[in-house]
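Residue numbers 5 to 375, in the working numbering, belong to the letters of the sequence shown in order.
Heads up, the beta-carbon is just placed ideally off N, CA and C, and yes, glycines get one too.
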Amino acid sequence: MFKVLAKEAPDVKVTNAAIAGGAGAGGDMKAVLATRMNAGNPPDSFQVHLGKELTDGYAKADKMEDLTFLFESEGWTKTFPKGLLDAAASGGKQYSVPVNIHRSNVMWFNKKIMADNGITAAPATFDEWFAMAEKLKAKGIPALAMGASSAGPDAHLFENILAGVVGADGYSGLWNGKTMWSDAKVTTALETFKKMIGYANKDYLQIVGWDAGDYIISGKAATYIMGDWMNGFYKAKKFADLGYAPPPGTKGTFVALSDSFGLPKKAPNRDASIAWLKVCGSVAGQDAFNPVKGSIPARTDAGKTSDYDEYQKSAMKDWTTDKIVPSLVHGFAGKQSWVTDWQNAVNSFASKLDVKATQDELVKIAKDALG
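In structure tokens form, the structure reads like this:
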């Protein structure tokens, strides 16, 4: 996107202040950003997950500019899906520009392991997944690649188990209070997660969850439930035996998240920031960024170039037909404090495997978050 910006606004110079590890495990981008924002020294723009991570955070604290004027002048109200705009808005206002759509619910798998063990199709239900896991266990192969040495990736895995057990509507209701966290289906989801952990790599408590994706390449595990940013990772690794499917129970459901960029109030170079945001929301910008990231454009009129691979084409199709539900772990469904507390509770569960205590904690966390 920097190259697109150089063509569209050649006078704008970019200082890339990206932080190694970003906002994920091993990174401290959010902490550095908070220090700058609270000190009145904001960057000109920053990457943030679309939705409540921003609207219930810096936007609510009156630290972000309302970008509705850009959405109107650039015609984005017609090129971004209405459902996405509605979910991202706060008080009818837009505070960041989505550059992509990521899918949280993808099950990546090693096709050779599957074929060598007589598994002809990716498991679509939990019963099918456990049948596959038993077959692989007999050969000494973990069915699940997982890492839980730090909070985050294991919570990502669990939110997809939740979506598969509770269903799209029930899952969405967990984040707005329409579905109770005390519901028996949440209990079933935790029990299912506990059972799946029994088929994971034995060192899952010693490795970072994002690194577990390598276990699919090396053959140390058969399946890995992680978002479609792994598409770019596996392409870079030139992994030929890669397969993908929705995790059990989530066919027809699209657990969504989006990377976006906003404009802080008191940004030192406001005009340059607006030029950048225009690129972020443009067809050229999104078609430059997404083939590399492994995601799909947020714009409905982008994604027509030959640079997109088969996975991305399938995701674009599902984006238009599946039921869209928000990811909590990636900031779409809930505010940052909920994300943090929820991730910590799930990470504790990964080691203690206490269903009742964890469900009680999730009930309390939701009550605190929803008020």
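- A distance below 7 Å between beta-carbons, with the five flanking residues on each side excluded, links S331 to the following residues of its chain, in chain order: S108, E163, V259, A260, L261 and A337.
- Contact between A216 and A149 is confirmed by a C-beta separation of about 4 Å, below the 8 Å threshold.
- Check the Cα spacing between K356 and each of A152, V18 and L37: the tightest is with A152.
- Scanning its chain for C-beta atoms nearer than 6 Å, with the 5 sequence neighbours on each side dropped, one finds around F6 the residues V18, in chain order.
- The alpha-carbon separation between P85 and A302 amounts to approximately 8 Å.
- Beta-bridge annotation (DSSP): G55 is not paired with any residue.
- When the alpha-carbon of M234 is set against those of G298, M68 and I145, the nearest one is in G298.
- Within the stretch 247-318, the complete beta strand (DSSP E) segments of 3 residues or longer fall at 257-261 and 263-266, listed in chain order.
- Here V350 has D158, A159 and F162 as same chain residues with Cβ atoms under 6 Å from its own Cβ, once five neighbours each way along the sequence are excluded.
- Counted as a single uninterrupted DSSP element, the alpha helix (DSSP H) harbouring W133 occupies residues F130 to K141.
- Beta-bridge partners assigned by DSSP to R107: A260.
- Partner residues in the beta bridge of P102, as assigned by DSSP, are S264.
- In the DSSP annotation of this structure, the continuous segment of the beta strand (DSSP E) that includes V329 starts and ends at K327 to P330.
- Considering only W112, L267, H53 and L37, the residue with the shortest C-alpha distance to K239 is W112.
- The DSSP-derived three-state label of A152 is coil.
- By the neighbour-count criterion, in which 16 or more other beta carbons inside 10 Å mark a residue as buried, K56 falls on the buried side.
- Residue environment analysis places E314 among the exposed positions, since fewer than 16 neighbouring C-beta atoms fall within 10 angstroms of its C-beta.
- For Y228, the enclosing beta strand (DSSP E) has its first and last residue at T227 to I229.
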